[in-house]
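Residue numbers (the numbering used here): 4 to 261.
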């Protein structure tokens with residue numbers, strides 16, 4: 004540190020913080036390069052997937068027969084990856100919660116919180132695209148289909164997580180968040196993987212998941228869906244990395260300013 008800046012001044016504390024944040028001169032550029040590469044790969048995959056969806060994938064015959072519009076099947080390239088990734092991420096966040104409770108390392112708490120925040124965003128977008136499909140297929144933005152309802156309940160569960168995390172004092176925030184993430188993952192697994200597959204629910208559900216499961220979409224749909232899922236998955240990882248890094252930086256800055 005420059006001799007003219009005392010370590011007890013705000014500028015001195017900031018310098019100490021950034022020194023601890025980047026222990027070697029090579030580490031930070033390397034992390035940035037990895038992040039940029041991850042973003043570039045994700046963006047390329049998504050651009051290719053969406054270009055193929057618009058110019059190569061044909062209208063789905065089964066959707067044309069059922070809904071009078073075969074093009075609305077292409078919503079699966081956005082809606083399905085968003086929904087799947089969000090639910091998988093909620094379970095992964097529970098794993099980070101377990102890791103924090105076992106080790107008390109704030110890194111796991113930051114990763115868990117970042118994962119849930121980004122997964123919550125994905126779940127919101129999945130709900131919006133699901134409502135869009137509902138409008139095009141069934142004539143109403145919200146049809147109270149079991150799939151729509153369970154997705155909305157999961158979204159409410161993790162909206163509550165964000166509110167609780169923001170309301171709890173700093174000393175208990177990580178522990179409370181970890182426990183909530185673990186309990187919330189159980190609720191989301193039940194709502195997404197169990198409830199929609201109950202026989203009574205399947206009889207009344209209009210959701211086209213059955214069409215997809217029966218192979219009602221041809222190979223072009225499966226190929227583009229794989230590309231879009233991979234692209235959105237890589238984008239998710241990068242967003243979590245950025246958010247977790249910011250969370251840890253905020254905490255270290257607060258600790259340095261005390």
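Every residue gets a Cβ at the ideal spot worked out from N, C-alpha and C, and that includes glycine.
Could you check whether residue j and residue i sit closer than 8 Å to each other, using their CB atoms as the reference points?
{"i": "residue 223", "j": "residue 61", "result": "yes"}
{"i": "residue 75", "j": "residue 139", "result": "yes"}
{"i": "residue 195", "j": "residue 157", "result": "yes"}
{"i": "residue 181", "j": "residue 115", "result": "yes"}
{"i": "residue 237", "j": "residue 48", "result": "yes"}
{"i": "residue 241", "j": "residue 122", "result": "no"}
{"i": "residue 228", "j": "residue 83", "result": "yes"}
{"i": "residue 230", "j": "residue 52", "result": "yes"}
Could you check the C-alpha separation between residue i and residue j for me, to the nearest Å?
{"i": "residue 103", "j": "residue 117", "result": "14 Å"}
{"i": "residue 199", "j": "residue 106", "result": "36 Å"}
{"i": "residue 239", "j": "residue 245", "result": "10 Å"}
{"i": "residue 256", "j": "residue 35", "result": "20 Å"}
{"i": "residue 96", "j": "residue 119", "result": "6 Å"}
{"i": "residue 72", "j": "residue 54", "result": "20 Å"}
{"i": "residue 31", "j": "residue 37", "result": "10 Å"}
{"i": "residue 26", "j": "residue 259", "result": "With a pLDDT of 40 at residue 26, under the threshold of 50, the predicted position of this residue should be treated as unreliable, though the coordinate-derived value follows. Approximately 16 Å, taken between the alpha carbons."}
{"i": "residue 6", "j": "residue 33", "result": "Model confidence at residue 6 stands at a pLDDT of 46, short of 50, so the residue's coordinates are unreliable; what they give is reported in the following sentence. Their backbone Cα atoms lie some 30 Å apart in a straight line."}
{"i": "residue 247", "j": "residue 113", "result": "5 Å"}
{"i": "residue 253", "j": "residue 78", "result": "38 Å"}
Tell me which residues share the same chain as residue i and place their Cβ nearer than 6 Å to its Cβ, disregarding the 5 neighbours each side in the sequence.
{"i": "residue 86", "result": "129"}
{"i": "residue 188", "result": "93, 94, 97"}
{"i": "residue 154", "result": "130"}
{"i": "residue 100", "result": "115, 181, 184, 185"}
Under DSSP, the alpha helix (DSSP H) around residue i begins and ends at which residues?
{"i": "residue 247", "result": "222-259"}
{"i": "residue 164", "result": "149-170"}
{"i": "residue 31", "result": "30-58"}
{"i": "residue 189", "result": "173-192"}
Can you find the residues in the same chain that come closer than 8 Å, C-beta to C-beta, to residue i, ignoring five residues on each side of it along the sequence?
{"i": "residue 268", "result": "The chain is shown only over 4 to 261; residue 268 falls outside these bounds and no answer can be derived."}
{"i": "residue 167", "result": "179, 180, 183"}
By Cβ distance below 7 Å, which residues in the same chain neighbour residue i in space, the five residues on each side in sequence not counted?
{"i": "residue 90", "result": "191, 195"}
{"i": "residue 29", "result": "A caution first: residue 29 carries a pLDDT of 41, below 50, which makes its placement in the model unreliable, though a value can still be read off. Contacts found: none."}
For residue i, verify whether its CB is less than 7 Å away from any heavy atom of the ligand FMN.
{"i": "residue 79", "result": "Among the components of this structure there are no ligands whatsoever, and the ligand FMN is therefore not found."}
query = What alpha helix (DSSP H) runs, 4 residues minimum, are completely inside the region 61-131?
reply = 64-70, 79-106
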